[in-house]
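Comments concern the structure below.
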DNA sequence: CGATCTTACGGGATTCGTAAACATA
DNA sequence: TATGTTTACGAATCCCGTAAGATCG
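Protein chains in written order, with the working numbering: chain A, 101 to 397; chain B, 101 to 397.
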């Protein structure tokens, strides 16, 4: 049991035209070839579909029945293909991304705004989550891809460098460290520190970097905005990556890049291995890759 | 833009199996042929539908989208074809027939009952109408065919003899004519006659036959049942065709076939010329033709 | 290294178009 | 008789299957 859309279209052409020669022209076929095609359709259908004399062609009642079905089927078919093309052309679709809170709040939104302006038909979804939840969302397919650091278990995930994000000192401009042009990690060791909570990747990476440098943790907070408030109040200084500095823009605060080749974290575009993204997600992914802040080495 | 149901089925086989070799077997194709077929589908769709490595095959998001559509489309398609087959096999459908009142009330119902028992899925519709309305219904396509006499204008209609229906005398058994074994039209001339109304074909045909025999019309009625009552009351005798005699079955009444080669009416199966009947109507038509009461000559 | 998909290629079935035959109003 | 469909037939195309090649785990 096999029929092609071309056959259905030719069949409908004959139903409409009621004339083999004209219907054959409309189908870009010679009349005899068209005649054979109609015979094939009738054979597939298992019943005669047209009453024909040399002077008159007319669908049988069964032909009219099939014509109604065929019109519906072709419309559905073309609708399905059109939808596919819409998705392919990024005119429709859905893309979801997970990102670490710092990225989700700072770097990402302007890019999403640009992408949305370019592709208003694509629905965008963002999840801000800490590192492991981020990776879990990708692993479970609940999000298309993520911007995150490397986790403990990266099996089944494919990563691509997003950027290297250098740690910076943030302090009040009246803080002693504010006067130094170049600041090393060891220089900060003596001062009370406003730290992120241990669950954050910013903190985890910092703990790695400061393995040999005892830091004086004065506060532990969940949110960068809180850290900002504490530093602004003169209760300590903060060590945070460049992409979080948008939270610390204030006249009374200064930032200094920490010297030292290693004093940065690496962020990655993370997606499921061996599994392609939807066209919409692929589009967003590439847009992000093009726009990524390459950072220092 | 052309795709066949076979291609859609093969595509779905691969979505289900996620394995070219197995899907190819399920599709009764060699694996390379199957591979080429999938490529053709992807080319038609305009987008990649599967991620494949030599070890793993998986539909892309677009592939899954198309798969959902394809399943729906194939189900619809097969539904439409199944419906067509149901109609072809006389398991479903609709047949409508128009018939002169005498036929519609007498000969036809038992046949319809048998037909319905054989084909319970076919909805039957009957219209009882006088000759010209009968033919009009057929001409306008409001009924599939009719059992009727020939009308004034038979253009566009195709007829086939249904039966020859001899006129009979109906009278009380105590009527003088009841004693005669053989009755001719002229024998009836002197007696008061219960006639059908001039709009009936029974009457019109009788007027033709009696062109040279002055008949004594005592009553004109619309319905045979009324004629029956009048004859039973001894108010006259009736001249009606054999197929109406079911209305005159009564102990006190006798019927006598009118002698004479011409003293009959011809009834026909009437359908639109050059236009085929639906399978259901065709089935009923043939059933009627097989069962027709051939009548005398 | 083995399982699996892709490419290459010859053979066969399908389908096409031209020309002639056939049918109906 | 003229218009339009079907049949006949040689040719081009498409599609299939076998065999060789490439690739990933």
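From the three backbone atoms N, C-alpha and C, an ideal C-beta is built for every residue, glycine too. Owing to the predicted nature of the structure, the values given are computational and were not obtained by experimental measurement.
State the Cα-Cα distance for the pair residue 274 (chain A) and residue 348 (chain A), rounded to the nearest angstrom.
15 Å
Please tell me whether residue 165 (chain B) has its Cβ less than 8 Å away from any Cβ of chain A.
yes
So, using beta-carbon positions, are residue 368 (chain B) and residue 248 (chain B) closer together than 8 Å?
yes
By a C-beta neighbour count over all protein chains shown, 10 Å radius and 16 as the cutoff for buried, is residue 205 (chain B) buried or exposed?
buried
Using a Cβ-Cβ cut-off of less than 9 Å, give me the residues of the region 174-188 of chain B that come near chain A, in sequence order.
176, 177, 178, 179, 180, 181, 183, 184, 185, 187 and 188
Is it the case that the Cβ atoms of residue 315 (chain A) and residue 278 (chain A) are separated by a distance below 8 Å?
no
Helix, strand or coil: how does DSSP classify residue 275 (chain B) here?
coil
Start and end of the alpha helix (DSSP H) containing residue 158 (chain B)?
First-last for residue 158 (chain B): 157-159, but that is the beta strand (DSSP E), not the alpha helix (DSSP H).
Give me the residue from B:265, B:330 and B:305 with the minimum Cα distance to residue 394 (chain B).
B:265
Whole angstroms is fine: what's the gap from residue 215 (chain A)'s alpha carbon to residue 194 (chain A)'s?
12 Å
Specify, as a first and last residue, the run of the alpha helix (DSSP H) that residue 116 (chain B) falls within.
105-117
Identify, in the order they occur along the chain, each residue of the same chain with its Cβ nearer than 7 Å to the Cβ of residue 310 (chain B), setting aside the five sequence neighbours on each side.
285
Using DSSP's beta-bridge definition, name the partner residues of residue 355 (chain B).
B:270
Would you check if the distance between the CB atom of residue 319 (chain A) and the CB atom of residue 334 (chain A) is smaller than 8 Å?
no
DSSP beta-bridge partners of residue 296 (chain A):
A:321
Going by C-alpha to C-alpha distance, which of B:351, B:211, B:217 and B:304 sits closest to residue 340 (chain B)?
B:304
Pick from A:118, A:123 and A:143: whose alpha carbon is nearest that of residue 155 (chain A)?
A:118
Can you look up residue 308 (chain A) in the DSSP assignment and give me helix, strand or coil?
helix
Could you spell out the range, first to last residue, of the beta strand (DSSP E) harbouring residue 210 (chain A)?
Note, residue 210 (chain A): premise wrong, no beta strand (DSSP E); alpha helix (DSSP H) at 208-218.
Could you tell me how far apart the beta carbons of residue 301 (chain A) and residue 230 (chain A) are, in whole angstroms, since I believe they sit closer than 8 Å?
7 Å
Residue range of the beta strand (DSSP E) that includes residue 339 (chain A):
337-341
What first and last residue would you give for the alpha helix (DSSP H) that runs through residue 131 (chain B)?
131-145
Residue from B:306, B:370 and B:121 whose Cα sits closest to the Cα of residue 362 (chain B):
B:306
Taking Cβ to Cβ, would you say residue 173 (chain A) is nearer than 8 Å to residue 166 (chain B)?
no
When you compare each of B:391, B:131, B:130 and B:121 to residue 263 (chain B) by their alpha carbons, which one comes out closest?
B:391
Residue 160 (chain B) touches chain A at which residues, Cβ-Cβ below 9 Å?
375, 376, 377, 378 and 379
Please confirm whether residue 156 (chain B) has its beta-carbon closer than 8 Å to some beta-carbon of chain A.
yes
Using a Cβ-Cβ distance under 8 Å, would residue 256 (chain A) count as near chain B?
no
Using a beta-carbon distance below 8 Å, is residue 326 (chain A) in contact with chain B?
no
Give the range of the beta strand (DSSP E) segment to which residue 193 (chain B) is assigned.
193-199
Take residue 170 (chain B) and list the residues in its own chain whose beta-carbon comes closer than 7 Å to its own, dropping the five residues that flank it on each side.
108, 111 and 112
So is residue 163 (chain B) buried or exposed if we call it buried at 16+ other beta carbons inside 10 Å?
buried
Using a C-beta cutoff of 8 Å, does residue 372 (chain A) count as contacting chain B?
no
Report the neighbours of residue 296 (chain A) on chain B: residues whose CB is nearer than 9 Å to its CB, in chain order.
Near residue 296 (chain A) there are no residues of chain B at all, since even the closest Cβ is about 36 Å away, more than 9 Å.
For the alpha helix (DSSP H) that contains residue 223 (chain A), what are its first and last residues?
It is not in any alpha helix (DSSP H) - residue 223 (chain A) instead sits in the beta strand (DSSP E) that spans 222-228.
When you compare the CB of residue 259 (chain B) with every CB in chain A, is at least one pair closer than 8 Å?
no
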